[in-house]
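To keep things clear, I will list the structure first and then write my remarks on it.
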Amino acid sequence: MKVIAVVGMPGSGKGEFSAIAQDMGIPVVVMGDVIREEVKKQGLPPTDESMGIVARALREKHGMAAIAHVCVPVIMRQEADLVLVDGVRGDAEVILFSESFPEFSLVSIEAPLRTRFARLSERGRSDDLMDISELVARDERECSFGLGRAIELASVRIENNGTREAFQEKARELLARMRAA
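In numbering that gives the first Met the number 0, the protein residues as written are 0 to 180.
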């Protein structure tokens with residue numbers, strides 16, 4: 000089984016990349032869903048702050064690859080030759096995935112801060128941000144989990160600073176190449 004994980008700063012286009020994979024029939028395992036489920040279990044409001052608190056608590060209790068450990072069996076249950084993992088947040092997760100799956104690739108989606116803020120302000124999720132300073136704080140929190148180091152480990156990079164259509168085309172081409180390889 001080939002496993003592709005996607006990494007990037009909040010609002011970079013990871014979700015769009017994953018949606019394209021799903022449209023192409025590639026199963027997608029979303030790491031953030033693990034955190035959202037835990038927020039729900041704890042009866043917390045589904046806000047960015049709650050997501051951050053729960054993510055930090057899980058990592059403090061179970062190590063920096065805590066979310067990835069929960070995802071590995073979910074990935075293994077997929078009956079597919081290629082699976083996409085959305086939402087890597089740290090280098091410990093990258094290491095775990097690369098040790099668990101010999102055919103592992105990491106794709107970094109990259110976009111400028113203001114572009115990401117505009118996207119996050121418009122997508123309509125409960126953990127969306129209202130002020131660019133909130134995004135800067137979220138970036139700092141994510142980097143404290145090793146996100147910057149994970150991005151550096153990516154073997155493939157896609158710039159997402161143009162139109163949605165241009166990004167979708169780049170993503171489809173890359174996924175088709177990776178599926179065929």
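Don't be surprised by glycine CBs; every beta carbon is placed ideally from N, CA and C.
Please report the Cβ distance between V29 and D85, rounded to the nearest whole angstrom; I am assuming they are in contact, meaning their Cβ atoms lie under 8 Å.
In the sequence shown, the residue the question calls residue 29 occupies position 30. In the sequence shown, the residue the question calls residue 85 occupies position 86. Right, their Cβ atoms sit about 5 Å apart.
What first and last residue would you give for the alpha helix (DSSP H) that runs through L90?
Stepping through the sequence shown from its first residue, residue 90 is reached at position 91. Residue identity check: residue 90 is Asp in the sequence provided, not Leu. Start and end: 90-99.
Can you tell me the Cα-Cα spacing of R118 and V93, whole angstroms?
Locating residue 118 in the sequence shown gives position 119, counting from the first residue. Locating residue 93 in the sequence shown gives position 94, counting from the first residue. Those two C-alpha atoms are separated by around 26 Å.
Kindly indicate which residue of I74, S104, R58 has the alpha-carbon position closest to the one of G145.
Here residue 145 refers to the residue found at position 146 when the sequence shown is read from its first residue. It is R58 whose Cα lies nearest to the Cα of G145.
Excluding five sequence neighbours on each side, which residues of the same chain lie with their C-beta closer than 8 Å to the C-beta of A91?
Working through the sequence shown from its first residue, we reach residue 91 at position 92. Closer than 8 Å at Cβ, skipping near neighbours: G62, M63, A64, A67, G145.
4 or more residues per run - each alpha helix (DSSP H) lying fully within the stretch 108-146
112-121, 131-143
Within the present structure, is the beta-carbon of V28 separated from the nearest heavy atom of the ligand COA by less than 7 Å?
As far as ligands go, the structure on display features none, and thus does not contain the ligand COA.
Closest by C-alpha distance to Q77, when choosing among Q41, K1, E48:
In the sequence shown, counting from the first residue as 1, residue 77 sits at position 78. Selected option, being the one with the closest Cα: K1.
If the criterion is Cβ atoms closer than 8 Å, does the pair A153 and V106 meet it?
As a position in the sequence shown, residue 153 is number 154, starting the count at 1. As a position in the sequence shown, residue 106 is number 107, starting the count at 1. Taking 8 Å as the Cβ cut-off, A153 and V106 qualify as a contacting pair.
Report all residues from its chain with a CB closer than 6 Å to the CB of L95; omit the five preceding and five following residues, and keep chain order.
In the sequence shown, the residue the question calls residue 95 occupies position 96. Answer for L95: A64, A67, listed in chain order.
With DSSP as the reference, please indicate the residues paired to D184 in a beta bridge.
No answer is possible for residue 184: the residues shown for the chain start at 0 and end at 180.
Tell me I157's beta-bridge partners as DSSP assigns them.
As a working note, residue 157 is residue 158 in the sequence shown. DSSP lists I108 as partners of I157.
Quick check: the Cα distance between E15 and E139, rounded to an integer number of angstroms?
If you number the sequence shown from 1, residue 15 lands on position 16. If you number the sequence shown from 1, residue 139 lands on position 140. Cα-Cα distance, rounded: 23 Å.
Alpha carbon to alpha carbon, what distance is there between I34 and L83?
The residue given as residue 83 occupies position 84 in the sequence shown. The residue given as residue 34 occupies position 35 in the sequence shown. Their Cα atoms are separated by approximately 18 Å.
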